[in-house]
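Notes to accompany the following structure.
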Amino acid sequence: NAGVTQTPKFRILKIGQSMTLQCTQDMNHNYMYWYRQDPGMGLKLIYYSVGAGITDKGEVPNGYNVSRSTTEDFPLRLELAAPSQTSVYFCASSLQGTGNTIYFGEGSWLTVV
Amino acid sequence: ELKVEQNPLFLSMQEGKNYTIYCNYSTTSDRLYWYRQDPGKSLESLFVLLSNGAVKQEGRLMASLDTKARLSTLHITAAVHDLSATYFCAVGRNNDMRFGAGTRLTVKP
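This is the structure in structure tokens:
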């Protein structure tokens with residue numbers, strides 16, 4: 005019963021490095037999302053996808069890129085990491101349509117030093 | 235722009251007491267969610283509210299939605315220690331969803 009799986013769970017990056025956060029879901033959901041959560045704050049939407057081959061910006065997309073080549077996978081790439089990107093990143097997925105539950109992954113803790 | 239405000243941000247209550255968390259939002263939306271988050275953990279879906287007057291209950295938690303007032307409430311009845319967590323509301327419009335800052339609830343014996 006995997007649901008939404010994120011890797012890695014923890015990562016320390018140096019300023020200027022790049023990395024990819026992996027996200028995969030096995031529920032055949034067409035909608036997928038990436039959020040970041042700063043300490044003591046709510047979640048902010050980075051990017052989302054309504055299906056394979058379709059992605060769109062959320063509230064805070066700068067410094068990130070995504071792709072959606074398959075229904076299952078939605079990787080998030082950080083280019084030229086900055087301290088402001090230190091955060092917890094959550095991937096999520098849902099079925100199309102309003103009112104459907106959004107399922108979250110366990111989170112990826114990223115520190116940029 | 236869709237904005238979401240929760241209050242209070244911090245809530246300390248005694249076991250057995252009742253309290254309400256409020257979630258106000260700035261523009262029309264088509265859905266409202268309540269989530270629970272334990273420290274260092276992911277978000278657990280509690281309720282999805284879709285229409286004006288919607289009320290849902292699960293155990294000691296009851297959520298309601300007033301779309302005309304752009305207000306949702308999460309009511310806690312006879313709190314127990316296990317309810318200690320951070321509660322978020324989130325408001326959706328089209329493909330966008332915005333979260334409140336969260337209410338950190340501590341239930342004391």
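Note that the protein sequences, when read in sequence, are chains A and B.
Numbering-wise (our numbering), the first sequence opens with residue 5 and increments by one.
Numbering-wise (our numbering), the second sequence opens with residue 235 and increments by one.
Think of the CB as a built atom: it goes at the ideal place given N, C-alpha and C, for glycine as much as any other residue.
All values reported here derive from a predicted model rather than from experimental measurement.
In this structure the segment 253-267 of chain B does not touch the segment 53-63 of chain A; the number of beta carbon pairs closer than 8 Å is below three.
DSSP places serine 73 of chain A in the coil class of the three-state scheme, outside both helix and strand. The beta carbon of aspartate 30 of chain A does not come within 8 Å of any beta carbon belonging to chain B, so the residue lies off that interface. Within chain B, not a single residue places a beta-carbon under 8 Å from that of phenylalanine 14 of chain A; the smallest gap is close to 11 Å.
The beta-carbon of aspartate 60 of chain A is placed less than 8 Å from the nearest beta-carbon of chain B. Annotation: the continuous beta strand (DSSP E) that includes asparagine 241 of chain B extends over 238-241. Between serine 318 of chain B and threonine 340 of chain B, the gap from beta carbon to beta carbon is short of 8 Å. DSSP places serine 112 of chain A in the strand class (E or B) of the three-state scheme.
In the assembly as shown, histidine 33 of chain A is a buried residue. Its beta-carbon has 16 or more other beta-carbons within 10 Å.
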